[in-house]
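Below you'll find the structure, written out as structure tokens, and then a few comments.
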Amino acid sequence: MKKLLGMIAITLLPLAPLTAAAHGAAALRFEKSVTIKAPAAKVWALLKDFSNEQAWHSGVESTKVETKKDENGDDATYRTVKLKNGGTMYEKLRSADDAGMRLKYEYVLEKSTLQFSNFYPTISVTANGGDTVVTVKGSYTRADSSNIPKPEQNDDAATKAINEFFDTGFASLKSVAESGK
């Protein structure tokens, strides 16, 4: 019996890496924060305007908002974000909570060009004394969910796209919110 179990283990052992990789892209998590020397209400007013991201994000050329039926037949708000680098993001607003100063949306891959998918960020604004802390948390996967993704659509490319978008955005949000405008 021991000999039979040993033979089975030896036979199946080379297949172990294949079963581990058979599920495609794993979810990647991220969290970024920025502290801004401005009132939380001012920062929240900038962020919650789903139709005007270009007002505070230096990498955004324009934003177009539309209301249409979603996959459940409910009215939903979508935005097309045209980036200055030529990229496009298409996003669905999930919720905007004025009392909690939280914005939730999702990235719709089918109409977007960045190298990530299944992107569901939550942006929150919190007063901290005279400062404001803006935090974005979420998860995402690479755009190519196959077991052997194209190099331009792998986990590193997805992480780079997320980091570049939010690093640029938070730097310009801080600049705009801290200005006297």
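Numbered by mature numbering (1 follows the signal peptide of the UniProt record, and there is no 0), the letters in the sequence shown go through residues -22 to -1, 1 to 159 in order.
Cβ atoms here follow ideal geometry from the backbone N, Cα and C, with glycine treated the same way.
Through-space distance from residue j to residue i, alpha-carbon basis
i	j	result
Glu142	Gly116	15 Å
Ala54	Gly37	25 Å
Glu156	Lys42	26 Å
Ile126	Ala5	16 Å
Thr91	Glu69	12 Å
Ala135	Lys128	10 Å
Ala18	Asn30	18 Å
Ser102	Ala3	27 Å
Thr58	Lys20	24 Å
Gly147	Thr110	16 Å
Ala16	Ala33	16 Å
Glu44	Lys89	14 Å
Arg7	Glu130	19 Å
Gly108	Ser124	47 Å
Selected residue, minimal CA-CA separation from residue i, among the options
i	options	result
Ser11	Tyr83, Asn106, Val59 and Asn132	Asn106
Ser150	Arg120, Arg80 and Val112	Val112
Leu61	Ala3, Ser123 and Ser40	Ser40
Glu84	Asp76, Thr100 and Asp75	Thr100
Leu81	Gln93, Thr104 and Met67	Thr104
Gly65	Asp52, Asn132, Leu87 and Ser124	Leu87
Met67	Phe97, Asn132 and Ile14	Phe97
Start and end residues, alpha helix (DSSP H) containing residue i
i	result
Lys138	Asp133 to Glu156
Ala19	Ala18 to Lys26
Residue range of the unbroken beta strand (DSSP E) whose run includes residue i
i	result
Lys46	Val38 to Lys47
Leu61	Asp53 to Leu61
Phe8	Leu6 to Ile14
Lys118	The amino acid at residue 118 is misidentified as Lys; the sequence shows Tyr. Its beta strand (DSSP E) spans residues Asp109 to Arg120.
Lys70	Thr66 to Asp75
Ile101	Thr100 to Asn106
Exposure of residue i, with buried meaning 16 or more beta-carbon neighbours within 10 Å
i	result
Arg120	buried
Leu(-5)	Confidence at Leu(-5) is low in this model, with a pLDDT of 42, below 50, so the placement of that residue should be treated as unreliable; the coordinate-derived value is given next. When all chains shown are included, Leu(-5) counts as exposed.
Ser153	exposed
Asp122	buried
Ser73	exposed
Contacting residues, own chain, Cβ-Cβ under 7 Å from residue i (five flanking each side not counted)
i	result
Gly78	none
Phe144	Lys10 and Val114
Ala139	Leu92, Gln93 and Phe94
Neighbourhood of residue i by C-beta, 8 Å cutoff - its chain only, sequence neighbours within 5 removed
i	result
Asp76	Trp22 and Lys26
His35	Thr146, Gly147, Ser150 and Leu151
Cβ neighbours of residue i in the same chain (closer than 6 Å, five flanking residues each side left out)
i	result
Asp48	Ala54
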